[in-house]
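Asker: Quick one: the structure is below, and I'll ask about it shortly.
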Amino acid sequence: MKRNGKRTLIAVAGGIALSAVAIFLLLNMYLSPRADADAVLEFIQQNPEKAAFTMLNNQESLVEYQADRAMPLASVAKIIVAVEYAQQAAQNKIDPDQRVSLDELNRYYIPKLDGGAQEEWEQSLSSVIDHSSVPLREVVKGMISFSSNANMEYLIEILGLEAINLNLEKLGLQSHEPLYPFYSSLFIPYLLMTDYEDLTDKEKIERVKTELKEMPQDRFRELAMEVHEKLRGDEDGSFQQAVQIELWYDDEIDKINSDRMVSAAATDYGILLSKINSRKYFTPEVQTYLDEVMETAMQSEGNKQQFDHLGFKGGSTNYILNSAIYAIDKKGDHSEIVLFMNHLSEKEMERLSRHLNEFLFRALTSDEYQVKVSEVLAEGGMEGE
C-alpha cells in the first residue's frame with residue numbers, strides 16, 4: 000500500500016517474487032547474469048545480528064550460523080498450517096476436494112495489504128473455478144505457492160488453531176512460538192482505538208502505538224483472534240469498511256506488526272524441512288498431501304530434469320526476507336536450506352532480493368558452493384574472493 004511516498008506494504012506477503020513457482024525456474028539459464036550469490040553470502044557473514052542460516056545435506060548439518068536465535072518467520076510459518084492440513088486430509092477429517100466459496104475466502108482478504116498475492120492466485124485458477132468456488136486443496140496451494148494470507152486465515156478456521164499448534168511440540172520445534180491469525184492482526188489498532196473515543200484521531204493512533212509496543216504477545220494473539228472472528232462473520236463487509244485502515248496504517252505500525260510476527264529459530268525449520276524431505280517421518284498418505292501443496296515448483300520441466308523433489312516457502316515484510324527450501328536431486332542427495340533475515344533497510348531489501356535466487360540455487364545444487372558457504376560462515380571472512 001503506497002501512500003504519501005511511503006513504501007508499499009508487503010507486511011505479510013510471501014513476498015517479493017519469491018513464490019515457489021517464481022523462484023524455482025531454477026536452471027542456470029533462468030538466472031540473471033547480473034545476479035551475484037556472493038552478495039548474499041557476504042551480507043550474512045557481515046551482519047550476524049540480522050541473519051540466521053542453516054544448511055543440511057543428507058541429514059548432516061553443514062552450516063549453523065546464528066541458527067538458534069528465534070527470528071520472525073513471516074509467511075514461512077504457513078508450512079505448519081500445510082502440515083496440519085496434510086494430516087487431517089490423510090485421516091479423512093477434511094475432504095481436499097470440498098468446494099470452498101471464493102466469497103467465503105475473501106471475507107479474510109484485506110485489499111492492498113498482501114503484496115498482490117490474492118489477486119495473483121485467483122487469476123491462476125481459471126481451470127479449477129466452478130461457480131466461484133475452488134477445491135480445498137487449491138486453497139492450500141494458494142497459501143503456499145502464492146502466499147495467500149486470506150487462504151491461511153480460512154484454513155486456521157477449518158483446521159483449528161489448537162490442532163495446528165500441537166504440531167510444534169510433536170515436531171520438536173523447541174523455540175517456535177504459537178501461530179495465530181497474523182493477517183487479522185493488522186486490524187488490532189482499530190480495536191484499540193475504539194476504546195479512546197474522547198481523543199482526537201492523532202491522539203488515538205499515538206496511544207495505540209504505545210500500547211502495541213508494550214503489549215504482551217499473548218494479549219496480541221488474543222486480539223488477533225478477536226479480529227479473525229469478526230472477519231469470519233463479516234458477510235456484508237461492514238466491519239472492514241468501518242476499520243478504514245488506509246487512514247491510519249503507517250510505517251511505524253508496519254514495523255510493529257513485522258516485529259510481532261511468529262518467531263522461531265532457523266534450526267527449527269531445518270528440523271522441519273528434514274522431516275518433510277526424509278520421506279520417512281510422515282505416513283505415505285500425509286506425505287502425498289504435503290508433496291502436492293509444497294512442491295508446485297516441480298511442475299516446471301526444468302526442475303523435473305534436475306530434482307526428484309523440490310519444495311519452497313518464502314516469507315517477507317518490508318524488513319524481513321526469509322527462505323525455507325528442500326530438495327532431492329537426481330543423485331538422491333537430500334538438501335535443506337533455511338535463511339532468515341530481519342531488520343533490513345530498504346536498500347538492503349532491494350539488493351538482497353535481486354541476488355537471493357542465485358544464492359539459493361548455488362547453495363542447493365553446487366557441492367563447491369556449499370563448501371564455500373560453510374568455510375565463509377565458519378571462519379567469518381571472505382578473504383581471497
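Number 110 in numbering that gives the first Met the number 0 belongs to position 111 of the sequence shown; there are no gaps in the numbering.
We put the CB at the ideal spot given by N, CA and C, even for glycine.
Just so it is clear, the structure is predicted and the values come from calculations on it, not from any experiment.
1) Please report the straight-line C-alpha distance between aspartate 113 and glutamate 196, rounded to a whole angstrom.
2) When the Cα of glutamate 121 is compared with those of Gln97, Val370, Asn148, His342, which residue comes out closest?
3) What does the alpha-carbon distance come out to for the pair glutamine 58 and histidine 333?
4) May I ask you to report which of helix, strand or coil DSSP gives threonine 364?
5) What runs of the alpha helix (DSSP H), each 4 residues or longer, lie entirely inside the region 141–170?
6) Classify lysine 111 as helix, strand or coil using the three-state DSSP reduction.
7) So, with DSSP's three-state summary, where would you put glutamate 63?
8) Return the bridge partner residues of methionine 387 from the DSSP annotation.
9) Return the Cβ separation of tyrosine 280 and valine 75 in integer angstroms, given the expectation that the two are a contact with Cβ distance under 8 Å.
10) Among residues of its own chain, excluding the 5 on either side of glutamate 103, which ones have a beta-carbon nearer than 8 Å to its beta-carbon?
11) Beta-carbon within less than 6 Å of arginine 106's beta-carbon, same chain only, minus the 5 sequence neighbours each way: which residues are those?
12) What is the DSSP secondary structure of serine 352, reduced to helix, strand or coil?
13) If you compare alpha carbons, which of Val133, Leu211, Leu363, Glu221 is closest to aspartate 253?
14) Just the Cα atoms here: how many angstroms apart are alanine 34 and asparagine 46?
15) Our contact map puts isoleucine 93 next to leucine 135 with C-beta atoms below 8 Å; I'd like the distance itself, whole angstroms only.
16) For glutamine 87 and leucine 158, which I take to be in contact (beta-carbon distance under 8 Å), what is that distance rounded to the nearest angstrom?
17) Run through DSSP, which three-state label would asparagine 341 get?
18) Which ranges does the alpha helix (DSSP H) cover as unbroken runs of at least 4 residues, wholly within the region 161–229, from first to last along the chain?
19) Under 9 Å between the Cβ atoms of threonine 364 and alanine 89?
20) Taking the Cβ atom as the reference point for each residue, do lysine 387 and leucine 170 lie within a distance shorter than 9 Å?
21) What does a CB cutoff of less than 7 Å around valine 285 pick up in its chain, not counting 5 residues either side in sequence?
22) Count the other CB atoms within 10 Å of the CB of arginine 218; is the residue buried (16 or more) or exposed (fewer)?
23) Classify glycine 14 as buried or exposed, calling it buried when 16 or more other Cβ atoms lie within 10 Å of its own Cβ.
24) Tell me whether glutamine 216 is buried or exposed, calling it buried when 16 or more other Cβ atoms sit within 10 Å of its Cβ.
25) Measuring CB to CB, does methionine 70 end up less than 9 Å from isoleucine 336?
26) Should glutamate 213 be labelled buried (16 or more other beta-carbon atoms within 10 Å of its own) or exposed?
27) Any idea what DSSP makes of alanine 81, helix, strand or coil?
28) Whether or not the region 253–266 and the region 309–317 are in contact is what I'm after, with contact meaning three or more pairs of Cβ atoms, one per stretch, closer than 8 Å; do they touch?
29) Kindly examine the ligand SAM and report whether one of its heavy atoms sits closer than 8 Å to the Cβ of valine 337.
30) Where does the unbroken alpha helix (DSSP H) through lysine 254 begin, and where does it stop?
31) How many whole angstroms separate the CB atoms of leucine 185 and isoleucine 244, which I take to be in contact at a CB cut-off of 8 Å?
32) Just tell me which of Tyr108, Gln298, Lys329 has its CA closest to the CA of glutamine 305.
Answerer: Judging by the given coordinates:
1) Mapped onto the sequence shown, residue 113 falls at position 114. Mapped onto the sequence shown, residue 196 falls at position 197. Here the alpha carbons of glutamate 196 and aspartate 113 stand approximately 29 Å from one another.
2) In the sequence shown, residue 121 corresponds to position 122, counting from 1. If we check each option's Cα against that of glutamate 121, Asn148 comes out closest.
3) Along the sequence shown, one-based indexing puts residue 58 at 59. Along the sequence shown, one-based indexing puts residue 333 at 334. Taking the straight line from one Cα to the other gives about 7 Å.
4) Mapped onto the sequence shown, residue 364 falls at position 365. Looking at threonine 364 - three-state DSSP - the assignment turns out to be helix.
5) The region 141–170 contains these whole alpha helix (DSSP H) runs: 148–158, 160–169.
6) Stepping through the sequence shown from its first residue, residue 111 is reached at position 112. Reduced to three states, the DSSP call for lysine 111 is coil.
7) Within the sequence shown, numbered from 1, the residue matching residue 63 stands at position 64. It is a strand residue.
8) The structure shown does not extend to residue 387, since the chain is modelled only from 0 through 384, so no value can be given for it.
9) Taking the first residue of the sequence shown as 1, we reach residue 280 at position 281. Taking the first residue of the sequence shown as 1, we reach residue 75 at position 76. Their Cβ separation, rounded to whole angstroms, is 19 Å, which puts tyrosine 280 and valine 75 out of contact at 8 Å.
10) Along the sequence shown, read from residue 1 onward, the residue named residue 103 stands at position 104. In chain order, Tyr153 place their CB closer than 8 Å to the CB of glutamate 103, counting only its own chain and leaving out the 5 sequence neighbours on each side.
11) On the sequence shown, position 107 is the one that residue 106 refers to. Result list for arginine 106: Leu230, Asp233, in chain order.
12) Residue 352 sits at position 353 when you count from the first residue of the sequence shown. The answer is helix: DSSP assigns serine 352 an H, G or I state.
13) As a working mapping, residue 253 is identified with position 254 in the sequence shown. With respect to the C-alpha of aspartate 253, the residue from Val133, Leu211, Leu363, Glu221 having the closest C-alpha is Leu211.
14) Counting from one through the sequence shown, the residue named residue 34 turns up at place 35. Counting from one through the sequence shown, the residue named residue 46 turns up at place 47. Approximately 20 Å between the Cα atoms of the pair.
15) Start at 1 with the first residue of the sequence shown, and residue 93 comes out as number 94. Start at 1 with the first residue of the sequence shown, and residue 135 comes out as number 136. Right, the Cβ-Cβ distance comes to about 7 Å (below 8 Å), so this counts as a contact.
16) As a working mapping, residue 87 is identified with position 88 in the sequence shown. As a working mapping, residue 158 is identified with position 159 in the sequence shown. Approximately 6 Å separates the beta-carbon atoms of glutamine 87 and leucine 158; this is inside 8 Å, confirming the contact.
17) Taking the first residue of the sequence shown as position 1, residue 341 is located at position 342. In the structure shown, asparagine 341 sits in coil (DSSP, three-state: anything other than H, G, I, E or B).
18) Annotation note: the region 161–229 contains the following uninterrupted alpha helix (DSSP H) runs of length 4 or greater, listed N- to C-terminal: 187–192, 200–213.
19) Taking the first residue of the sequence shown as position 1, residue 364 is located at position 365. Taking the first residue of the sequence shown as position 1, residue 89 is located at position 90. Their beta carbons are not under 9 Å apart, which means threonine 364 does not touch alanine 89 by this criterion.
20) Residue 387 cannot be examined here, being either before or after the span of the chain that is shown, 0 to 384.
21) On the sequence shown, residue 285 is found 286 positions in, with the first residue counted as 1. Only Ala85, Gln86, Ala89 meet the Cβ criterion.
22) Locating residue 218 in the sequence shown gives position 219, counting from the first residue. Flag for arginine 218 reads exposed.
23) Locating residue 14 in the sequence shown gives position 15, counting from the first residue. With a pLDDT of 39 at glycine 14, under the threshold of 50, the modelled position of this residue cannot be trusted, and the question is left open.
24) As a working note, residue 216 is residue 217 in the sequence shown. With fewer than 16 Cβ atoms within 10 Å of its Cβ, glutamine 216 is classed as exposed.
25) Reading the sequence shown from its first residue, position 71 is the one you call residue 70. Reading the sequence shown from its first residue, position 337 is the one you call residue 336. Not a contact, by the Cβ cut-off of 9 Å.
26) Your numbering for residue 213 matches position 214 in the sequence shown. So glutamate 213 ends up on the exposed side.
27) Your numbering for residue 81 matches position 82 in the sequence shown. Helix, per DSSP.
28) Touching, per the Cβ criterion.
29) The model on display carries no ligand, and the ligand SAM is accordingly not part of it.
30) For the purposes of this step, residue 254 is taken as the residue at position 255 of the sequence shown. Unbroken alpha helix (DSSP H) run through lysine 254: 250–259.
31) Your numbering for residue 185 matches position 186 in the sequence shown. Your numbering for residue 244 matches position 245 in the sequence shown. That pair is a contact at about 7 Å.
32) Taking the sequence shown and counting its residues from 1, the one referred to as residue 305 is at position 306. Check the Cα spacing between glutamine 305 and each of Tyr108, Gln298, Lys329: the tightest is with Lys329.
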